[in-house]
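Visitor: Below are the structure tokens for one structure; questions will follow.
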Amino acid sequence: MSQIKVDIDILDFVKTGEFGFLKLGESKEEIISQGFPPEDWLNGETKESSRIWRYGNIELHFDNGNHLSGIFTDYVSDIDCGESISISNWWILPNGKASPDLLSTIKELNYLNLDYTKTTFNVGYIELKLSNGIYFSFDHPDENPDEEHNNWTMTVIGKK
393 MSQIKVDIDI LDFVKTGEFG FLKLGESKEE IISQGFPPED WLNGETKESS
443 RIWRYGNIEL HFDNGNHLSG IFTDYVSDID CGESISISNW WILPNGKASP
493 DLLSTIKELN YLNLDYTKTT FNVGYIELKL SNGIYFSFDH PDENPDEEHN
543 NWTMTVIGKK
């Protein structure tokens, strides 16, 4: 079995919910058999027992039955794809620069005619979620956030 490199277009990921060939619900064995073994996993675990596999700072999350339940990164401003993933279109994620703010993300989603729900959580973050399972989380840099949406910055992009 040879290892593959998955090319990701972030704009396509947002529009379609597809992250290369990966499908939610696939088992770890299916993912490995397609040539995509993990580069890293949680400390103190094995790749078989770990609920998180890492490719750089992009994570695959697994449920108790070892099936893919989510794709996640909380390094939006500095995504590291590891050796197994490459990104061909960063969309609004300026890698190595400041993260997009909430208002510009909403404007971009509206421009793309993508429907979403916006939820504000009491613990201090806002989530935009698309019907295809893609979600974005935004944090505010201040302890007492105001309603100024330009100050909320994207900290997470994922799919669940």
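Sequential numbering from 393 applies to the sequence shown in the numbering used here.
For every residue, glycine included, the Cβ atom is placed at its ideal position computed from N, Cα and C.
Remember, it's a predicted structure, so these values are computed and weren't measured experimentally.
#1: What residue range is occupied by the uninterrupted beta strand (DSSP E) comprising leucine 522?
#2: In the DSSP assignment, find the unbroken beta strand (DSSP E) run with leucine 452 in it and report its ends.
#3: Counting Cβ pairs closer than 8 Å, one from the region 399-416 and one from the region 473-483, do we hit at least three?
#4: Who are the Cβ neighbours of lysine 510 in its own chain at under 7 Å, not counting the five residues just before and after it?
#5: Please name the residue in Val515, Ser419, Leu504, Ile400 whose C-alpha comes closest to that of glutamate 410.
#6: Among Tyr467, Lys397, Asp507, whose alpha-carbon lies nearest the alpha-carbon of alanine 490?
#7: With a 10 Å radius around its C-beta and 16 neighbouring C-beta atoms as the bar for buried, classify proline 492 as buried or exposed.
#8: Using the Cα positions of phenylalanine 528 and phenylalanine 413, report the straight-line distance between them to the nearest angstrom.
#9: Considering only residues of the same chain and omitting the five flanking positions on each side of histidine 453, which have a CB-CB separation below 7 Å?
#10: How would you call glycine 417, buried or exposed, if buried means at least 16 neighbouring beta carbons within 10 angstroms?
Guide: In brief:
#1: 517-522
#2: 450-454
#3: yes
#4: Ile518, Leu520
#5: Ile400
#6: Tyr467
#7: buried
#8: 21 Å
#9: Arg443, Ile444, Ser461, Gly462, Phe464
#10: exposed
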